[in-house]
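Report on the structure given below.
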Amino acid sequence: MSGVNDFVCKFATVNGSGSASANTMFAKTIFRMGVPVSPKNIFPSNIQGLPTWYEVRVSEKGYLARRDGIDLMVAMNPQTYREDLAEVVPGGWLLYDSTMPRQWPREDITVLPIPIAAMCAKKWTDPRQRQLFKNMVYVGALTALLDMDMEVLEKVVADQLRGKEKLISANLEAVKLGRDYALANFQCPLPIRVQKAEGARGKIMVTGNSAAALGAVYAGATVCSWYPITPSTSVAEAFERYLKQLRTDKDGRVLGAVVQAEDELAAIGMAIGAGWNGARAFTATSGPGISLMSEFLGLAYFAEIPVVLFNVQRGGPSTGMPTRTQQSDIMACAYASHGDTKHVLLFPSDPNECFSLGAKAFDLAERLQTPVIVLSDLDIGMNEWVTDPFTWDDSYVHDRGKVLDAAGLEAAKDWGRYRDVDGDGIPYRTLPGTHPTKGAFFTRGTSHDDYARYTEDGRIHAQNMYRIARKFETAAGLVPKPEIDMRDPRSRLGVIYFGSTRPAVLEALDELEAEGIRVNAMRIKAFPFSPEVKAFCDAHDRIFVVEQNRDAQMRSLLMLEAGIDGEKLFATVNFDGMPLTADFVRSAIRTSMGPVKIAAE
Amino acid sequence: MSYIQKPSAYHPALKRNALGLTYRDYEGSMSTLCAGCGHDSITAAIVEACFELDLPAHRIAKVSGIGCSSKAPTYFLGRSHGFNSVHGRMPSVTTGANLANRDLVYIGVSGDGDTASIGLGQFAHAVRRRLNMVYIVMNNGCYGLTKGQFSATNDKTSPSKKGEPNPFDPIDLCQMAIQLGAGFVARSFSGDKRQLIPLIKAAISYRGFAFLDVISPCVTFNNHPASTKSYDYVRQHNQAIDRLDFVPEEQEITADYDEGTSVPVTLHDGSRIILHKLDQTHDPRDADAALMTIRSHAARGEVATGLLYIDESQHDLHEILRTSERPLNAIPMSELCPGSEKLASINARLQ
Chain A
1 MSGVNDFVCK
11 FATVNGSGSA
21 SANTMFAKTI
31 FRMGVPVSPK
41 NIFPSNIQGL
51 PTWYEVRVSE
61 KGYLARRDGI
71 DLMVAMNPQT
81 YREDLAEVVP
91 GGWLLYDSTM
101 PRQWPREDIT
111 VLPIPIAAMC
121 AKKWTDPRQR
131 QLFKNMVYVG
141 ALTALLDMDM
151 EVLEKVVADQ
161 LRGKEKLISA
171 NLEAVKLGRD
181 YALANFQCPL
191 PIRVQKAEGA
201 RGKIMVTGNS
211 AAALGAVYAG
221 ATVCSWYPIT
231 PSTSVAEAFE
241 RYLKQLRTDK
251 DGRVLGAVVQ
261 AEDELAAIGM
271 AIGAGWNGAR
281 AFTATSGPGI
291 SLMSEFLGLA
301 YFAEIPVVLF
311 NVQRGGPSTG
321 MPTRTQQSDI
331 MACAYASHGD
341 TKHVLLFPSD
351 PNECFSLGAK
361 AFDLAERLQT
371 PVIVLSDLDI
381 GMNEWVTDPF
391 TWDDSYVHDR
401 GKVLDAAGLE
411 AAKDWGRYRD
421 VDGDGIPYRT
431 LPGTHPTKGA
441 FFTRGTSHDD
451 YARYTEDGRI
461 HAQNMYRIAR
471 KFETAAGLVP
481 KPEIDMRDPR
491 SRLGVIYFGS
501 TRPAVLEALD
511 ELEAEGIRVN
521 AMRIKAFPFS
531 PEVKAFCDAH
541 DRIFVVEQNR
551 DAQMRSLLML
561 EAGIDGEKLF
571 ATVNFDGMPL
581 TADFVRSAIR
591 TSMGPVKIAA
601 E
Chain B
602 MSYIQKPSAY
612 HPALKRNALG
622 LTYRDYEGSM
632 STLCAGCGHD
642 SITAAIVEAC
652 FELDLPAHRI
662 AKVSGIGCSS
672 KAPTYFLGRS
682 HGFNSVHGRM
692 PSVTTGANLA
702 NRDLVYIGVS
712 GDGDTASIGL
722 GQFAHAVRRR
732 LNMVYIVMNN
742 GCYGLTKGQF
752 SATNDKTSPS
762 KKGEPNPFDP
772 IDLCQMAIQL
782 GAGFVARSFS
792 GDKRQLIPLI
802 KAAISYRGFA
812 FLDVISPCVT
822 FNNHPASTKS
832 YDYVRQHNQA
842 IDRLDFVPEE
852 QEITADYDEG
862 TSVPVTLHDG
872 SRIILHKLDQ
882 THDPRDADAA
892 LMTIRSHAAR
902 GEVATGLLYI
912 DESQHDLHEI
922 LRTSERPLNA
932 IPMSELCPGS
942 EKLASINARL
952 Q
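Sequence lines, in order, name chains A and B.
For the first sequence, the working numbering assigns the number 1 to the initial residue and increments by one for each residue that follows.
For the second sequence, the working numbering assigns the number 602 to the initial residue and increments by one for each residue that follows.
Right under this line is the structure:
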């Protein structure tokens, strides 16, 4: 089934050996040839010496989920030879460094031996160069084997190494070494190969974390406080880079502040302090950080302070699998903190939405005066995705929410920080320093009345809590609506999904449709659930809820918060830490359906 | 306990400051702390210092953590925004607030439990970041709200009210602050208004991290004869190492000042402090000497009070980060959002 512009290539290397940049250049070259490509970095929680893989799916049709079965394995790591060999599909290829020749115990594949280390040892004298350029030698061989456009590759190398001119020519020499060897020794190109196409034209290739940081810049965020944790670290680092690039004035002063905090508690504390004081502020973290930030999230919920939190989810529980992907913080985020708390969640499905929903999160946080948590995951956050370019409407007016300025305070009658004047549960806030005599109040996590005064009167406490619940109802009307894909209005089969599983689910639905099974789909983009979510559930009898956690957390949330009957929600879960494959979704739906007659024609 | 508003009637003869405001305009609501609590004296000193400095109250932000001390911001500066955050986390909230608006005065109020135990990490890092704030610890050596447990600043020699010994050595927050690089470190006593008010004024005028550890007896749980944080004990063992006059920028120095024993110090805003040295071995510009002074007095069972250490040249967090001179919360969206044209070039680079 693999062929031109449709195959999976995997690189098995050792982390810290410099393979990452070579692999990126490989994927980027295919992308620039116009072919949709989906690289996945499968890396250890380690800096040097452990196995790491880079899996690249090439699909002209634009199916960018992971796909099982490797067509071409570049086996550069003897530690993992055995498992790498096993992954190659019958009829596939395995390229390896044959400086130390070996027998590969499979008759059904083609082995492509290249004495890479020996070639590098001959060409370079510096041990570091000998090591680094091995990566470019196999890339060079692949240009011949897969018929990649050399001009495009040269441009990619030049772009990647801009400013390091010496390195460019040395890298290209390494490429030529590998390419010439492959041309001389193998039948090039292979039946799987790349051909210029249009599928990726006009697209961009970017990680979700960079995109989220850019969204924060466009939202006008000025304060970022964070604590390093995989896989969210690059959100803050990208924000800092973008500030330097886009928000530095002539004197070298920055219109924004980034503080690496001492821990996650301080990181969220700073963001809340800044939000309280009228700056758009955010933090970025992952699972363990969410646990640590929970107390502060409860404060921001109850004291009604806007703050945005990017949670780039990884494998839990506890330290879990720090370098693997999951969607297992849904419940922890929806109800973070003790007492009755609930938080607004957004679920971007790709970097483009990390940008747009990332920016939207700040509007929602200020409009609703509450934390907004953007839940992406390691797959979206750290892998480069081919996605639509970012767009921004210059006429867009940021929603700064209900903030009274000095004139507003003069005009306001009987202002109270927590008075629900408009009936939407959202009160009017004031910022420190606004008015000499009006608008000051005491922000507190203790129970308070409409005027922010301490109270132990249970009725007042209950009224306040009901008002905040009302605010949450308002939120349901403000958050992005789900994306609904009605493949057959008569079909009573549905699938609900969210976040990074989108490519796998859509591909699976296409495959099922080709088999005559039409499944309607709804992608949830936000919590609280907008009315469309319940309507979709009501319109279907058998709904597969696809998610990457053990306990089917989104399914539970649908039952709890949208009142959906659990009988018709089928948990369809995978939480092995790898991005989902279409095959998993398709077979989960097929298997679960059993002998049931399919309603769709 | 409910929220009690003080009556708003003023006596017409009340003194007014340069802003035409009276002392009463700087007060907060009625204190709900125990009668005689040292914290109320500190509150009164803050009110007086802000009144005398002619500070517009709405340009001050009060931030606290949790505990008796952290309730105190309700009882002063009713025209200022206040933020009673979570236990031990006042420093991070203040950091964020300060990042958002560098033009306000930030008074952080904390206690010995809030700072020396649960909040020790945040305290240390706020100092390290040179946050421009006044950090006041109302230090009574015990947990008042949970009824008298030892705190980490309680002296080893100081038993509880019931006579239980304290098995652990205390954390000296002033020594820590000096070691971590606080530019202004002072210790005082809630019962010594004459020393405390000028110290608060100087701390507010200082641009950088100003730390004030104020011993504040807990009348209910830690004011018994054996306590080293009781009114009697501190009165008897208080060794003022210097006395301070605070001179605002526009005023001439009129305080008497003896060559060799007095040190004039100019602060960032042009105001000056005149330090009358009472302990000749103490040099407040020498961190090592300051630590020595604290330790040698403590070894004799004395509490050294006054301005312990000052570094007039400190740069605050905004200078270190090179943030805009305008408050970040006042920069218009038109300057913050780069717009579609810039986005197009970012897209182009990602193609």
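The C-beta atom is built at its ideal place from N, Cα and C for all residues, glycine as well.
Exercise. Can you name the residues of chain A whose CB is closer than 7 Å to the CB of residue 934 of chain B?
Worked result: 220 and 398
Exercise. For residue 196 of chain A, which three-state DSSP category applies?
Worked result: coil
Exercise. If you check the beta carbons only, do residue 355 of chain A and residue 398 of chain A fall under 9 Å apart?
Worked result: no
Problem set entry | Cutoff 9 Å: residue 596 of chain A Cβ touching any chain B Cβ | For residue 596 of chain A, the pLDDT reaches just 49, beneath the cut-off of 50, and the residue's location in the model is therefore unreliable, although a value from the coordinates is still provided. No, residue 596 of chain A does not count as interfacial toward chain B.
Exercise. Residue 537 of chain A by DSSP, collapsed to three states: which one?
Worked result: Residue state, collapsed to three classes: helix.
Exercise. In chain order, which alpha helix (DSSP H) runs of at least 4 residues are fully inside the stretch 309-381 of chain A?
Worked result: 330-334 and 351-368
For this session: Answer with yes or no whether the minimum CB distance from residue 625 of chain B to chain A is below 9 Å.
Result: Chain A, which has no Cβ nearer than 9 Å to the Cβ of residue 625 of chain B, makes this no.
Exercise. At a Cβ cut of 9 Å, what residues of the stretch 796-817 of chain B count as close to chain A, listed as they run along the chain?
Worked result: none
Problem set entry | As assigned by DSSP and simplified to three states, the class of residue 603 of chain B | Low per-residue confidence applies at residue 603 of chain B: pLDDT is 41, beneath 50, and the placement is therefore not dependable, though the value from the model is reported in the following sentence. Three-state result, residue 603 of chain B: coil.
Problem set entry | Cα-Cα separation, residue 769 of chain B to residue 830 of chain B | 16 Å
For this session: Could you spell out where the alpha helix (DSSP H) holding residue 120 of chain A opens and where it closes?
Result: Start and end: 116-123.
For this session: Return no unless some Cβ of chain B is closer than 9 Å to the Cβ of residue 276 of chain A.
Result: yes
For this session: Check whether the Cβ atoms of residue 274 of chain A and residue 281 of chain A sit closer than 9 Å, and answer yes or no.
Result: yes
For this session: Compare the C-beta of residue 607 of chain B with all C-beta atoms of chain A and state if any pair is closer than 9 Å.
Result: no
Problem set entry | Classification of residue 2 of chain A by the beta-carbon crowding that lies within 10 angstroms, buried from 16 upward | buried
Exercise. With a cut-off of 8 Å, do at least 3 Cβ pairs link the stretch 85-100 of chain A to the stretch 108-128 of chain A?
Worked result: Between the stretch 85-100 of chain A and the stretch 108-128 of chain A there are three or more inter-stretch CB-CB distances shorter than 8 Å, so the stretches are counted as touching.
Exercise. Any contact of the stretch 831-850 of chain B with the stretch 910-919 of chain B, i.e. 3+ C-beta pairs under 8 Å?
Worked result: no
Exercise. Would a check of beta-carbon distances place residue 265 of chain A closer than 9 Å to chain B?
Worked result: True, the Cβ-Cβ gap to chain B drops below 9 Å.
Problem set entry | Check whether residue 544 of chain A and residue 570 of chain A have beta carbons under 9 Å apart | The answer is yes: Cβ separation under 9 Å.
Exercise. Can residue 718 of chain B and residue 752 of chain B be called in contact, C-beta distance under 9 Å?
Worked result: yes
For this session: Using the Cα positions of residue 213 of chain A and residue 219 of chain A, report the straight-line distance between them to the nearest angstrom.
Result: In a straight line, the C-alpha of residue 213 of chain A is about 10 Å away from that of residue 219 of chain A.
Exercise. Of all Cβ atoms in chain A, is any one closer than 9 Å to the Cβ of residue 697 of chain B?
Worked result: yes
Exercise. According to DSSP, is residue 531 of chain A helix, strand or coil?
Worked result: helix
Exercise. Who are the Cβ neighbours of residue 539 of chain A in its own chain at under 6 Å, not counting the five residues just before and after it?
Worked result: none
For this session: Identify whether residue 952 of chain B lies in helix, strand or coil by the three-state DSSP scheme.
Result: coil
Exercise. With burial defined as no fewer than 16 other Cβ atoms inside 10 Å of the residue's Cβ, what is the status of residue 338 of chain A: buried or exposed?
Worked result: exposed
For this session: Anything in chain A within Cβ reach of residue 675 of chain B, meaning under 7 Å, just list it in chain order.
Result: 442
Problem set entry | Spatial neighbours of residue 598 of chain A in its chain, beta-carbon cut-off 6 Å, leaving aside the 5 residues before and after | Because residue 598 of chain A carries a pLDDT of 48, less than 50, the predicted location of this residue cannot be relied on, and the following value inherits that uncertainty. Once the five neighbours on either side are set aside, the close Cβ partners of residue 598 of chain A are 517.
Exercise. So what does residue 661 of chain B bridge to, in DSSP terms?
Worked result: B/706
Exercise. Closer than 9 Å, Cβ to any Cβ of chain A: which residues of the stretch 679-697 of chain B, in chain order?
Worked result: 679, 680, 681, 682, 683, 684, 685, 686, 687, 688, 689, 690, 691, 692, 693, 694, 695, 696 and 697
For this session: Measure the CB-CB distance between residue 821 of chain B and residue 635 of chain B and report whether it falls below 9 Å.
Result: For the pair residue 821 of chain B and residue 635 of chain B, the CB atoms are nearer than the 9 Å cut-off.
Problem set entry | Outcome for residue 778 of chain B when other beta-carbon atoms lying within 10 angstroms are tallied against a minimum of 16 | The residue is buried, with at least 16 neighbouring Cβ atoms inside 10 Å.
For this session: Tell whether a beta-carbon distance below 9 Å holds between residue 195 of chain A and residue 5 of chain A.
Result: Between residue 195 of chain A and residue 5 of chain A, the gap from beta carbon to beta carbon is short of 9 Å.
Problem set entry | Terminal residues of the alpha helix (DSSP H) in which residue 878 of chain B lies | Residue 878 of chain B -> not in any alpha helix (DSSP H); beta strand (DSSP E) instead, spanning 873-878.
Problem set entry | Distance CB(residue 271 of chain A)-CB(residue 309 of chain A) smaller than 9 Å | yes
Exercise. For the stretch 731-762 of chain B, which residues have a CB atom closer than 9 Å to at least one CB atom of chain A, in sequence order?
Worked result: none
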